[in-house]
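The structure under discussion appears below in the form of structure tokens.
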Amino acid sequence: MTSDASSTPGETASFAAVVPALDEQDRIAATVAALAALEAVDLVVVVDDGSTDATRTAAESAGALVARHERTRGKAAALETGAALVAAIDAREGTSRNLLLADADLGASATRLEPLLAPVAEGELDLAIGVLPPQVRPDGGSAGGHGFVVRLARDGIRTVSGWEPRQPLSGQRAMTRAAFDAALPLAPGFGVEAGMTVDLLRGRFRVAELDVDVAHRATGNDWRGQLHRAKQWRDVARALAARGALPPRAGLREDLVPARLRRLGR
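Heads up, the sequence shown is in the numbering used here, so the first residue is 221 and it goes up one at a time.
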């Protein structure tokens, strides 16, 4: 969806990739290497959000600049830390990079985020959101759950803008520095993407979804996957409520999400 933006194109065509990471020692090195291979990316920043494994060492060995939270503070805080570090580097160098937000578990597929970059670098979009193909679990099953979190986020965004995104929770996002700053402070936890999209659409920034053929770790349907989705639902609902963007027909009704998941998400 494209609106009349109040922002200006990025001052530079280069990007800094910002990657929040928690216990991703097995995938982070491949993700960093893939992001660094993108022609427009000249800086990769990984924010280790309190990992208990070797995420930091693996990211540094792959060439990333790493910031670390001593305790886990959540995705929004990690993104803010990473973007602040990029801003400090830009100030020292006298430049202003665009930002590429990417999940830590993309691995080598992160090289296929390229389609998001040009529209932002060329001033056509302020925020380009990656739409991923259907994901498959290691056991061959299709990923995802019941879709209630996606529906909540999609309906909330449509409530304030009239636009219905395909993947409102996608964390693969290229954006101008002005757009990122306009979304601060980010909605906490898993509400960061929905909150950011609502804020930027309201601010008349230009937002669109673009297909990207990347893959990440699929969320299963076991109790861990259900707990993850319950936390997502809680955080997305809070982000939308804080912005007056809860869908009128939903609110926080008890039937919005299965009772068992409501209990898990508390």
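C-beta atoms are modelled at their ideal positions from N, C-alpha and C, and glycine is treated no differently.
As the structure is a prediction and not an experimental result, all values here were calculated from the model.
Helix, strand or coil at residue i [DSSP, three-state]
i, result
"F410", "helix"
"G350", "strand"
"F165", "Because the chain is modelled from 221 through 486, residue 165 falls outside the range shown and cannot be assessed."
"D431", "strand"
"L285", "strand"
"L255", "helix"
"A394", "strand"
"L421", "helix"
"G321", "It is Leu, not Gly, that sits at residue 321 in the sequence shown. Looking at L321 - three-state DSSP - the assignment turns out to be strand."
"W453", "helix"
"G376", "helix"
"E300", "helix"
"D273", "coil"
"A250", "helix"
"L466", "coil"
"L326", "coil"
"E334", "helix"
"R458", "helix"
"G294", "coil"
"E244", "coil"
"E384", "coil"
"E280", "helix"
"D305", "Per the sequence shown, residue 305 should be read as Leu rather than Asp. Looking at L305 - three-state DSSP - the assignment turns out to be helix."
"L447", "helix"
"R426", "coil"
"R437", "coil"
Beta-carbon contacts of residue i that lie in its chain and below 7 Å, excluding the five residues immediately before and after
i, result
"R332", "V432, D433, V434"
"P353", "D433"
"E280", "V286"
"E413", "P388, L389, S390, G391"
"L406", "A296, L299, E300, V412, G415, M416"
"R437", "D325"
The alpha helix (DSSP H) enclosing residue i, as first and last residue numbers
i, result
"P339", "337-341"
"R317", "Premise fails: R317 is in no alpha helix (DSSP H) and is neither H nor E."
"D401", "397-402"
Residues of its chain near residue i, where Cβ-Cβ distance is below 6 Å and the 5 sequence neighbours each way are ignored
i, result
"D419", "A403"
"L285", "V265"
"A328", "A250, A254"
"R486", "At R486, the pLDDT of 42 sits below 50, so the modelled position is not reliable; the number obtained from the coordinates is stated separately. Within the same chain, R486 has no close Cβ partners at all."
"R463", "V418"
"A282", "A249, V252, A253"
"A465", "G376, T379, V380, V418"
"P229", "In this prediction, P229 scores a pLDDT of 42, lower than 50, which makes its location untrustworthy; the coordinate-derived value is nonetheless stated afterwards. Closer than 6 Å at the Cβ level, and outside the excluded window around P229, lie G343."
"L345", "P339, R426, A428"
"K241", "Just to set this straight, residue 241 is Ala in the shown sequence, not Lys. Here the set comprises I248, V266, D268, T275, A324."
8 Å Cβ shell around residue i - same chain, five flanking residues per side excluded
i, result
"G471", "Residue placement at G471 cannot be trusted, given a pLDDT of 48 that sits under 50; what the coordinates show is reported in the next sentence. So the list is empty, once near-sequence residues are dropped."
"A257", "T331"
"F400", "A303, L319"
"A274", "Q245"
Run of the beta strand (DSSP E) containing residue i, from where it starts to where it stops
i, result
"D268", "261-269"
"F235", "235-241"
Cross-strand partners of residue i (DSSP beta bridge)
i, result
"P405", "Answer is none; P405 lacks a bridge partner."
**Q.** Contact between the segment 261-270 and the segment 289-309 (3+ Cβ pairs under 8 Å)
**A.** yes
(Q) Across the segment 321-329 and the segment 384-396, are there enough close Cβ pairs to call them in contact, namely three or more that are closer than 8 Å? (A) yes
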